[in-house]
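Trainee:
Chains as they are written, first to last, in this note's numbering: chain A, 1 to 526; chain B, 1001 to 1203.
1. With DSSP collapsed to three states, give me the class of residue 1040 of chain B.
2. Please classify residue 1241 of chain B: does DSSP put it in a helix, a strand, or coil?
3. Excluding the 5 residues flanking residue 267 of chain A on each side, which residues of the same chain have their C-beta closer than 7 Å to its C-beta?
4. Between the segment 380 to 392 of chain A and the segment 295 to 310 of chain A, can you find at least three pairs of beta-carbon atoms closer than 8 Å?
5. Should residue 1077 of chain B be labelled buried (16 or more other beta-carbon atoms within 10 Å of its own) or exposed?
6. Taking all protein chains shown into account, do 16 or more other C-beta atoms lie within 10 angstroms of the C-beta of residue 1095 of chain B, making it buried, or fewer, making it exposed?
7. Evaluate the contact criterion for the segment 431 to 444 of chain A versus the segment 487 to 496 of chain A: three or more CB pairs, one atom per stretch, below 8 Å.
8. Can you tell me where the alpha helix (DSSP H) holding residue 408 of chain A begins and where it ends?
9. Give a yes or no on whether the minimum CB-CB distance between residue 1169 of chain B and chain A is below 7 Å.
10. Please tell me whether residue 7 of chain A has its Cβ less than 7 Å away from any Cβ of chain B.
11. Under a Cβ-count criterion, where at least 16 other Cβ atoms within 10 Å of its own Cβ denotes burial, should residue 368 of chain A be classed as buried or exposed?
12. Use the C-beta contact count for residue 1035 of chain B: other C-beta atoms within 10 angstroms, 16 or more gives buried, fewer gives exposed.
13. Three or more C-beta pairs under 8 Å: does that hold for the segment 218 to 231 of chain A against the segment 109 to 122 of chain A?
14. Do residue 400 of chain A and residue 446 of chain A have their C-beta atoms closer together than 7 Å?
15. Which same chain residues end up closer than 6 Å to residue 20 of chain A when comparing Cβ atoms and leaving out the 5 residues on each side of it in sequence?
16. Less than 7 Å between the C-beta atoms of residue 1097 of chain B and residue 1130 of chain B, yes or no?
17. Please report the distance separating the alpha-carbon of residue 98 of chain A from that of residue 224 of chain A.
18. Just verifying my parser: in three-state terms, what is the DSSP assignment at residue 1077 of chain B?
19. Is residue 170 of chain A buried or exposed, if buried means 16 or more other CB atoms sit within 10 Å of its CB?
20. Run down chain B in chain order and give the residues with a C-beta less than 9 Å from the C-beta of residue 240 of chain A.
21. Considering only the beta carbon of each residue, do residue 1165 of chain B and residue 1159 of chain B sit closer than 7 Å?
22. Quick one: is residue 1196 of chain B buried, meaning 16 or more other Cβ sit within 10 Å of its Cβ, or exposed?
23. Out of curiosity, what's the CA-to-CA distance linking residue 1118 of chain B and residue 474 of chain A?
24. Assess contact between the segment 299 to 306 of chain A and the segment 252 to 265 of chain A, defined as three or more Cβ pairs (one per stretch) separated by less than 8 Å. Is contact present?
25. Can you give, in chain order, each stretch of the beta strand (DSSP E) that sits fully within the segment 442 to 468 of chain A and has at least 3 residues?
26. If you drop the 5 nearest sequence neighbours on each side, which residues of the same chain put their C-beta closer than 6 Å to that of residue 409 of chain A?
27. At a Cβ cut of 8 Å, what residues of the segment 357 to 369 of chain A count as close to chain B, listed as they run along the chain?
28. Determine the closest residue to residue 1168 of chain B out of B:1111, B:1194 and B:1013, with distance taken between C-alpha atoms.
29. Consult DSSP for residue 1119 of chain B and reduce its assignment to one of helix, strand or coil.
30. When the distance is taken between beta carbons, is residue 1049 of chain B closer than 7 Å to residue 373 of chain A?
31. Would you decide whether residue 38 of chain A is buried or exposed? Buried here means 16 or more other CB atoms lie within 10 Å of its CB.
32. May I ask you to list the residues that DSSP assigns as paired with residue 1175 of chain B?
33. For residue 1172 of chain B, which residues in chain A fall below 7 Å Cβ to Cβ?
34. Whose Cβ in chain A lies nearer than 9 Å to the Cβ of residue 1130 of chain B?
35. Considering Cα atoms alone, identify which of A:452, A:251 and A:74 is closest to residue 528 of chain A.
36. Just to confirm my understanding: we take residue 1056 of chain B, look at its own chain, exclude 5 residues before and 5 after, and list those with CB closer than 7 Å. What are they?
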């Protein structure tokens, strides 16, 4: 049983699926309604890429506007709509569905079930999210993804109810996805001690999904109710007796765990493909298990650090949140320590060094270090009430974590799966272009945001004063953004070109090999 | 203890610790990719690592909390301090007490003589100014970069902070950093430091 799983020490020898052309054989009926986990995961993955293209397009438009001071071609309302949709589409439409879909694809093989349990719920989760995305596009809210009441209740768009309904639907969709992850995790037959790390990730994050979406759904309902004023009860609108503090607590009780919803499944992908490329197990299984558990426990109570320099939170409670936030740093440190130790404890095969997914994986570790280290600083009240709160420092932090780590890890997972779903290998040259454009582009973009934030550049502005520091940082971010967009184009070209003309793969697409005899002698004896 | 970036005191220490995490992580990753010699780290290494982290959490909590509360206790203790929270006693220590109304979209400053200024907080160089900030509509942010302070202003609550005005006369930015509606980008004001001669026009 255990030898079937990817987490097995010997799994480097085995291909887990036969490479085959799944894509061209798909019928419309299969695409829409098939509950086969591979069909469903592929649907989710390619929908996520469409969302990435949309969200990226929004970003490119407002990045062009922001490159230089003053108003170029879009005004405040268009800018804020694009910015809100960028945030919502990227997190709820692209990142979470992409990592979850890749988990759907891998879990059945990793756990040895060879099918996704509760696949109907996964199907429902997908379609509910599609409805939410369509509502968002039509409703075009401009209240940012955090939707702070009462500001979010007082914008003039008559279709705004669609934005609130979309938030509720996202909560329902994520609840179902979490239930599927959790159900599959507990189906692992070897008991807790033999559950692969991807199973532990799915179990802990599945629970977190299911618990944390209730406040999100309630926030969506409360805003809808307050906006429509269909009862005398006001939840969040202080002019009618509601409470802003209540909104903040409700929203961030979801909002902080929400950042782990893409993060933990991305870590699960890493734990699954890293041993596969190295041909040896992770440095420590138990370190990973403990880290997953601690992260899930610590995630819920630390939401208030998002509104830290406010009157709402103060005194000992504020200090408690500060300490707990810094402590949640530790599970992530344990993960990174585990990964680096795994890389370090024995030579890395040449085949891995060449593989695009492996490269993405190594650089996503670099980005988690780059962006994650600042989490320690951000948690502290003193610097938070200086240059951190709501300046570009925060986008720098979460673009490094969301995109630099989670997003890039998801792409590593997709490149890894590519020969299994098309029966062909991707084009190495285009893959390298994608890889380098993203590493350099992301680094420039994230560093530019960090510098802008350190200079107190406020978030959510379409126009800014022509201070040289601000303007230079904005120009750098825009250049980095363009590079990321070019990299995405190289990726798309690769996906379509290689599906038709790529080298055919039979047998294991990821054999472990070394180029020189000396290196081969030092390789693990498998 | 001012560093090359012009950051001082506790901030500089914490920035340095954060930067050294990044550098340490990058060196470890580079070593893992490039080094010829390899061995398996023991659990002890991880425990030591976590132990150091726990120590740093304790230290950072202590430093951050002390930094944050020390602002309130003795306004003259640390000349470098330029801003802080106010705990509601000892108003006579301030040269100026100003009520700030944050609204969609701008700031109004009301001084002790009940004179209202839209979008300009006029003070003298080096003055200690107590700001009582309220919002009458939505959640706003209040940030004065030169005073190194940010606060989030919730309606229904009064938020009190103090700043020490810069010694050099000039115009300094005051801005909203919380998204507060469509006019957020225009929600700016100026801290005008004037010695009574050039009315802040020098900067």
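Each residue gets a CB set at the ideal place from its N, CA and C atoms; glycine is no exception.
Mentor: Put simply:
1. Mapped onto the second chain, residue 1040 of chain B falls at position 40. Note: residue 1040 of chain B maps to coil in three-state DSSP.
2. It is not possible to answer for residue 1241 of chain B, since the shown part of chain B is limited to 1001 through 1203.
3. Locating residue 267 of chain A in the first chain gives position 267, where the first residue counts as 1. If we look at residue 267 of chain A and ignore the five residues flanking it on each side, its Cβ neighbours are 201 and 335.
4. yes
5. Residue mapping note: residue 1077 of chain B aligns to position 77 of the second chain, counting from 1. Low confidence applies to residue 1077 of chain B: its pLDDT is 49, below 50, so where it sits in the model is not reliable enough to give any reading.
6. For the purposes of this step, residue 1095 of chain B is identified with residue 95 of the second chain, where counting begins at 1. Note on residue 1095 of chain B: under 16 other CB atoms within 10 angstroms of its CB, so exposed under the neighbour-count rule.
7. In this structure the segment 431 to 444 of chain A touches the segment 487 to 496 of chain A; the number of beta carbon pairs closer than 8 Å is three or more.
8. As a working mapping, residue 408 of chain A is identified with position 408 in the first chain. Here the alpha helix (DSSP H) through residue 408 of chain A covers 408 to 422.
9. Within the second chain, residue 1169 of chain B is the residue found at index 169, counting from 1. No - not a single Cβ of chain A is within 7 Å of the one on residue 1169 of chain B.
10. As a working note, residue 7 of chain A is residue 7 in the first chain. With a pLDDT of 46 at residue 7 of chain A, under the threshold of 50, the modelled position of this residue cannot be trusted, and the question is left open.
11. Along the first chain, read from residue 1 onward, the residue named residue 368 of chain A stands at position 368. Buried, because 16 or more other Cβ atoms sit within 10 Å of the Cβ of residue 368 of chain A.
12. The residue labelled residue 1035 of chain B in the question sits at position 35 within the second chain. Exposed, since its Cβ has fewer than 16 Cβ neighbours within 10 Å.
13. no
14. Taking the first residue of the first chain as position 1, residue 400 of chain A is located at position 400. Taking the first residue of the first chain as position 1, residue 446 of chain A is located at position 446. The answer is yes: Cβ separation under 7 Å.
15. In the first chain, residue 20 of chain A corresponds to position 20, counting from 1. Hits under 6 Å: 423.
16. For the purposes of this step, residue 1097 of chain B is taken as the residue at position 97 of the second chain. For the purposes of this step, residue 1130 of chain B is taken as the residue at position 130 of the second chain. Yes; because the gap between Cβ atoms is below 7 Å, this pair is in contact.
17. As a working note, residue 98 of chain A is residue 98 in the first chain. As a working note, residue 224 of chain A is residue 224 in the first chain. Each residue's Cα considered, the two are about 28 Å apart.
18. Indexing the second chain from 1 puts residue 1077 of chain B at position 77. Reliability fails at residue 1077 of chain B, whose pLDDT of 49 lies under 50, so the model's placement of it is uncertain and the value that follows must be treated cautiously. The answer is coil: DSSP assigns residue 1077 of chain B none of H, G, I, E or B.
19. Sequence index remark: in the first chain, residue 170 of chain A carries index 170 (1-based). Under this definition residue 170 of chain A is a buried residue.
20. Counting from 1 along the first chain, the entry for residue 240 of chain A is found at position 240. Residues of chain B passing the Cβ test: none, with the nearest at roughly 13 Å.
21. The count along the second chain starts at 1 and reaches residue 1165 of chain B at position 165. The count along the second chain starts at 1 and reaches residue 1159 of chain B at position 159. No, they are not a contact pair.
22. As a position in the second chain, residue 1196 of chain B is number 196, starting the count at 1. Exposed, by the Cβ-count rule.
23. Your numbering for residue 1118 of chain B matches position 118 in the second chain. Your numbering for residue 474 of chain A matches position 474 in the first chain. Residue 474 of chain A has its alpha-carbon roughly 29 Å from the corresponding atom of residue 1118 of chain B.
24. yes
25. none
26. Stepping through the first chain from its first residue, residue 409 of chain A is reached at position 409. Excluding positions up to five away in sequence, the list reads 266, 269, 270 and 364.
27. 362, 365, 366 and 369
28. If you number the second chain from 1, residue 1168 of chain B lands on position 168. For the residues B:1111, B:1194 and B:1013, the minimum Cα distance to residue 1168 of chain B belongs to B:1194.
29. The residue labelled residue 1119 of chain B in the question sits at position 119 within the second chain. Residue state, collapsed to three classes: coil.
30. Residue mapping note: residue 373 of chain A aligns to position 373 of the first chain, counting from 1. Residue mapping note: residue 1049 of chain B aligns to position 49 of the second chain, counting from 1. No, these two residues do not count as a Cβ contact at 7 Å.
31. Counting from 1 along the first chain, the entry for residue 38 of chain A is found at position 38. The C-beta of residue 38 of chain A has 16 or more other C-beta atoms within 10 Å across all chains shown, which makes the residue buried.
32. Residue 1175 of chain B sits at position 175 when you count from the first residue of the second chain. Among the bridge pairs identified by DSSP, residue 1175 of chain B is matched with B:1143 and B:1188.
33. Residue 1172 of chain B sits at position 172 when you count from the first residue of the second chain. Those do not exist, as residue 1172 of chain B stays about 11 Å from chain A at its closest Cβ, beyond 7 Å.
34. On the second chain, position 130 is the one that residue 1130 of chain B refers to. Correct list: empty, because the minimum Cβ distance to chain A is about 16 Å.
35. Because chain A spans 1 through 526 in this model, residue 528 of chain A falls outside it and cannot be assessed.
36. If you number the second chain from 1, residue 1056 of chain B lands on position 56. The answer, listed in chain order, is 1017.
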